[in-house]
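K.L.:
Chains as they are written, first to last, in my numbering: chain A, 137 to 347; chain U, 137 to 347. We put the CB at the ideal spot given by N, CA and C, even for glycine. These figures come from a predicted structure and were not determined experimentally. Below you'll find the structure I mean.
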DNA sequence: CGGATACCTGAATCACTATTCATGTTTTGT
DNA sequence: ACAAAACATGAATAGTGATTCAGGTATCCG
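Okay, structure coming up:
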C-alpha cells in the first residue's frame with residue numbers, strides 16, 4: 137500500500153524517485169523502464185518505491201500531469217504580455233520549443249501514452265486545447281485573427297508545434313554542447329506559416345481600410 | 137533462422153501472419169502484442185512464425201514499411217488529377233483521412249516506433265516529407281502557393297493531418313456502424329486553415345479589388 | 001513406392017522484472 | 001532516554017512471454 141509522505145525526508149525521497157523515473161521513462165520508454173533502475177537512480181532500494189507509489193503506471197500518470205501543468209504554466213507566462221494574438225502565438229511557440237528542449241521526456245512520454253495510459257493522453261491534449269480554443273475564439277471574434285474555427289485551429293496549431301519540435305529538437309540531440317534549441321530560421325519559417333494561416337483577411341475595401 | 141517462403145502455400149501463410157500481426161499491434165501495441173496471439177489469429181502454431189520472421193521487431197518494421205508504401209501510393213493516386221496545388225492538398229488530405237480510417241493501426245504503430253524502432257519512424261516520416269517538400273517547392277516557385285519554406289511547410293502540414301486524424305478519427309471509433317470517417321465540417325475547417333496558410337498573398341492593389 | 005523438399009507443430013527453455021514482506025534503521029515527541 | 005511513528009531495505013516470489021528445437025505432416029517427382 138502506497139501512501140503520501142508524512143515528513144520532509146519522505147517528501148524529498150518521493151521527489152527523487154519521481155525525478156529518476158522521468159529520466160528513465162524518457163530514456164528507454166515506459167515498457168523497458170525498470171523499477172530497480174529508477175530506484176537506483178534515486179539512490180533508494182526497490183521497496184521504497186512502493187512506499188510512495190502504487191506501481192509503474194501511477195508514476196507515469198503523475199509525470200504526465202506534472203509536466204503538462206508545468207508546460208501550460210510556462211506558456212501562459214510567456215503569453216501574458218503579448219499585445220495581440222499573433223504576438224501571443226509567437227511567444228507561446230517559443231516557450232513551447234524551449235520547454236521541449238528542456239524536457240524532451242514529455243514528448244516521448246506522451247507518444248507512449250497511446251497504449252500505456254490513454255487517459256493521461258486525453259488529459260494532456262484536452263487541457264492544452266481547452267485554453268487554446270478559448271483564446272482563439274476570442275481573438276477571432278475580435279477580428280485579431282481570421283474567422284477560423286477555433287477548435288480545429290487549436291488542434292492544427294498543436295500538431296504543428298509537436299511535429300516541428302520532434303523534427304528539429306528531438307531528432308537533433310547531437311550530444312554536442314548544452315541544449316540544442318530550435319534553429320532560428322526554422323522558427324521563423326514556422327511562425328510565417330502560422331501567421332499566414334491566422335492573420336485576418338486583407339480588407340477588401342475598395343478605398344478605405346478599417347481599423 | 138527465418139527465410140522467405142518458397143511456394144504459394146508458404147506465401148499465403150506468411151501473409152496471414154502479417155495480417156494478424158497488424159491487427160494485434162494496432163489493438164494492444166507492440167509490447168503487449170504476443171506472438172502466440174498473432175499466430176493464433178493467423179491459424180498457425182508459434183513455430184511457424186519463426187519460419188518467416190526473425191522476431192517481433194522484424195514484423196514491426198516490415199509493417200511500417202508496407203503501410204507507409206500503401207499510404208503514399210493512395211495519396212499519389214488521389215492527387216494525380218488535381219489541377220493545382222491547393223486542389224492537390226484537398227485531395228491528398230481526403231485520401232490521408234480515408235486511409236487513416238481504414239488503417240488506424242498505422243498511426244498507432246508509428247507512435248510506438250519512437251522507442252520500438254526509431255529507424256522505422258524516421259523512414260516513415262522521411263519518405264513522406266521527401267515528396268511533399270519537392271511538390272511544395274515547385275508549387276511555391278510557380279506562384280501557385282505562397283513563397284513559404286517547403287521543408288517546414290511539409291512538416292507542418294503533416295503535423296496537422298496527424299493530429300486532426302488522431303482527434304477526429306482515432307478518438308472516435310464508437311464501434312457504431314462501419315467506418316467512422318472524419319466529420320465533413322471538420323474536414324472543411326481543416327482545409328480552410330491549410331488554404332489560408334498556403335494561398336498566395338493577395339496582390340496589393342491600391343485601388344481595384346482583386347477577384 | 002521412396003525420398004527429398006518445404007512446411008508446420010507446441011511443449012520446454014530461458015531470461016526477465018514487477019511486486020511483496022519480514023526485518024532493520026532513523027527521526028520525532030515528550 | 002525511550003517508545004512510537006515514519007522511513008528504508010533487498011532477497012524471495014510469482015508471473016510473464018519470446019524463442020528454440022526435436023520431431024512431425026503435406027506435396028511433388030521419378
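(1) Alpha carbon to alpha carbon, how far is residue 186/A from residue 206/A?
(2) Using a Cβ cut-off of 7 Å, pull out every chain U residue sitting near residue 260/A, in sequence order please.
(3) Do residue 427/U and residue 152/U have their C-beta atoms within less than 8 Å of each other?
(4) Leaving out five residues before and five after residue 292/A in sequence, what residues of the same chain have Cβ atoms less than 8 Å from its Cβ?
(5) How about residue 305/U and residue 296/U: are their beta carbons less than 8 Å apart?
(6) Can you pull the chain A residues whose beta carbon is under 7 Å from the beta carbon of residue 322/U, in chain order?
(7) Can you tell me whether residue 138/U is buried or exposed, with buried defined as 16 or more other CB within 10 angstroms of its CB?
(8) So what does DSSP say about residue 302/U, is it helix, strand or coil?
(9) For the stretch 158–170 of chain U, list every residue whose C-beta sits within 9 Å of some C-beta in chain A, in sequence order.
(10) Could you name the residues of chain A that residue 251/U contacts, counting a contact when the two beta carbons are closer than 9 Å?
(11) Could you tell me the distance, in whole angstroms, from the CA atom of residue 260/A to the CA atom of residue 145/U?
(12) Can you round the beta-carbon distance between residue 264/U and residue 221/U to whole angstroms, since I take them to be within the 8 Å contact cut?
(13) What are the start and end residues of the alpha helix (DSSP H) that includes residue 254/U?
(14) Could you give the DSSP three-state label for residue 345/U: helix, strand or coil?
(15) With 8 Å set as the bound, which would you pick, yes or no: does the beta-carbon of residue 146/U sit closer than that to a beta-carbon of chain A?
(16) Within 8 Å (strictly less), CB to CB, does residue 347/U reach chain A?
(17) Going by C-alpha distance, which of 217/U, 189/U and 273/U is nearest residue 285/U?
(18) Taking a Cβ distance cut-off of 7 Å, strictly less, list which residues of the stretch 271–297 of chain U are near chain A, in chain order.
(19) For the putative contact between residue 303/A and residue 290/A, defined by C-beta atoms under 8 Å, what is the C-beta separation to the nearest angstrom?
(20) In chain order, what residues of the stretch 183–207 of chain U put their CB closer than 8 Å to some CB of chain A?
(21) Could you tell me the boundaries of the alpha helix (DSSP H) in which residue 168/A lies?
(22) Do you know how far the Cα of residue 142/A is from the Cα of residue 245/U?
(23) Answer yes or no: does any C-beta atom of chain U fall closer than 8 Å to that of residue 332/A?
(24) Taking only beta-carbon atoms, is residue 326/A less than 8 Å away from chain U?
(25) Can you grab the Cα-Cα spacing for the pair residue 248/U / residue 161/A, in whole Å?
(26) Near residue 327/A, which residues of its chain fall below 8 Å by C-beta distance, leaving aside the five closest residues on each side in sequence?
(27) Is the beta carbon of residue 256/U closer than 8 Å to that of residue 196/U?
(28) Have a look at residue 213/A and residue 324/A and give me their C-alpha separation to the nearest angstrom.
(29) Cβ closer than 7 Å: which chain A residues qualify as neighbours of residue 338/U?
(30) Does the Cβ of residue 199/U have 16 or more other Cβ atoms within 10 Å, making it buried, or fewer, making it exposed?
(31) Residue 330/U by DSSP, collapsed to three states: which one?
(32) Whole angstroms are fine: how far does the CA of residue 336/A sit from the CA of residue 345/A?
(33) Between 203/U, 279/U, 294/U and 231/U, which has its C-alpha nearest residue 216/U's C-alpha?
(34) In whole angstroms, give me the CA-to-CA distance for residue 258/A and residue 253/U.
(35) Below 7 Å CB to CB, which residues in the same chain sit around residue 173/A once its five sequence neighbours on both sides are set aside?
P.N.:
In short, the structure shows the following:
(1) Residue numbering aside, residue 186/A sits at position 50 when the first chain is read from its first letter. Residue numbering aside, residue 206/A sits at position 70 when the first chain is read from its first letter. One C-alpha to the other measures close to 25 Å.
(2) Numbered from its first residue, the first chain carries residue 260/A at position 124. Chain U residues near residue 260/A: none, gap ~12 Å exceeds 7 Å.
(3) There is no way to answer for residue 427/U, as the model of chain U reaches only from 137 to 347.
(4) In the first chain, counting from the first residue as 1, residue 292/A sits at position 156. The answer, listed in chain order, is 333.
(5) Against the second chain, residue 305/U aligns to sequence position 169. Against the second chain, residue 296/U aligns to sequence position 160. Their beta carbons are not under 8 Å apart, which means residue 305/U does not touch residue 296/U by this criterion.
(6) To locate residue 322/U, count along the second chain from 1; it is residue 186. Ordered by position in chain A, the residues that pass the 7 Å Cβ test against residue 322/U are 288.
(7) Taking the second chain and counting its residues from 1, the one referred to as residue 138/U is at position 2. By the 10 Å Cβ count, residue 138/U comes out exposed.
(8) Here residue 302/U is taken as the residue at index 166 of the second chain, counted from 1. Residue 302/U falls in the helix class under three-state DSSP.
(9) 164, 165, 166, 167 and 168
(10) Position 115 of the second chain, counting from 1, holds the residue named residue 251/U. What residue 251/U touches in chain A: 164, 165, 166, 167, 168, 244, 247 and 248.
(11) As a working mapping, residue 260/A is identified with position 124 in the first chain. As a working mapping, residue 145/U is identified with position 9 in the second chain. One C-alpha to the other measures close to 47 Å.
(12) For this step, residue 264/U is matched to residue 128 along the second chain. For this step, residue 221/U is matched to residue 85 along the second chain. Not confirmed; about 16 Å, so no contact.
(13) On the second chain, residue 254/U is found 118 positions in, with the first residue counted as 1. Segment 254–277, the alpha helix (DSSP H) holding residue 254/U.
(14) The residue you call residue 345/U lines up with position 209 of the second chain. Any reading at residue 345/U is ruled out, since the residue's pLDDT is 49, under 50, leaving its predicted position unreliable.
(15) Here the question's residue 146/U lines up with position 10 in the second chain. Not an interface residue.
(16) For this step, residue 347/U is matched to residue 211 along the second chain. With a pLDDT of only 49 at residue 347/U, under the threshold of 50, the placement of this residue in the model should not be trusted; the figure read from the coordinates follows. By this cut-off, residue 347/U is not an interface position.
(17) On the second chain, residue 285/U is found 149 positions in, with the first residue counted as 1. Of 217/U, 189/U and 273/U, the residue nearest in Cα terms is 273/U.
(18) 282, 284, 285, 288, 289, 291, 292, 294, 295 and 296
(19) Within the first chain, numbered from 1, the residue matching residue 303/A stands at position 167. Within the first chain, numbered from 1, the residue matching residue 290/A stands at position 154. Actually they do not touch by this definition, with Cβ atoms about 21 Å apart.
(20) none
(21) One-based indexing of the first chain puts residue 168/A at position 32. Counting along the chain, the alpha helix (DSSP H) containing residue 168/A begins and ends at 144–168.
(22) Translated into the one-based positions of the second chain, residue 245/U becomes position 109. Translated into the one-based positions of the first chain, residue 142/A becomes position 6. Going by the C-alpha atoms only, they are around 42 Å apart.
(23) By 1-based counting over the first chain, the position of residue 332/A is 196. Chain U, which has a Cβ nearer than 8 Å to the Cβ of residue 332/A, makes this yes.
(24) Numbered from its first residue, the first chain carries residue 326/A at position 190. With 8 Å as the cut-off, residue 326/A counts as an interface residue toward chain U.
(25) Looking up residue 248/U in the second chain gives position 112. Looking up residue 161/A in the first chain gives position 25. The straight-line gap from Cα to Cα measures roughly 14 Å.
(26) Residue numbering aside, residue 327/A sits at position 191 when the first chain is read from its first letter. Cβ neighbours of residue 327/A beyond the five flanking positions: 225, 226 and 229.
(27) Position 60 of the second chain, counted from the start, is the residue given in the question as residue 196/U. Position 120 of the second chain, counted from the start, is the residue given in the question as residue 256/U. Going by C-beta atoms, residue 196/U is nearer than 8 Å to residue 256/U.
(28) Counting from one through the first chain, the residue named residue 213/A turns up at place 77. Counting from one through the first chain, the residue named residue 324/A turns up at place 188. Taking the straight line joining both Cα atoms gives about 21 Å.
(29) Residue 338/U sits at position 202 when you count from the first residue of the second chain. Those are 338, listed as they occur along chain A.
(30) Within the second chain, the letter at position 63 stands for residue 199/U. It counts as buried.
(31) Here the question's residue 330/U lines up with position 194 in the second chain. Of the three classes helix, strand and coil, the one that applies to residue 330/U here is helix, per DSSP.
(32) Translated into the one-based positions of the first chain, residue 345/A becomes position 209. Translated into the one-based positions of the first chain, residue 336/A becomes position 200. Because the pLDDT at residue 345/A is just 48, under 50, the model does not fix this residue reliably, and the value given afterwards should be weighed accordingly. If I take the Cα positions, the gap works out to 13 Å.
(33) Residue 216/U sits at position 80 when you count from the first residue of the second chain. Here the closest residue by C-alpha is 231/U.
(34) As a working note, residue 258/A is residue 122 in the first chain. As a working note, residue 253/U is residue 117 in the second chain. If you take the alpha carbons of residue 258/A and residue 253/U, they lie about 24 Å apart.
(35) Position 37 of the first chain, counting from 1, holds the residue named residue 173/A. Contacts found: 160.
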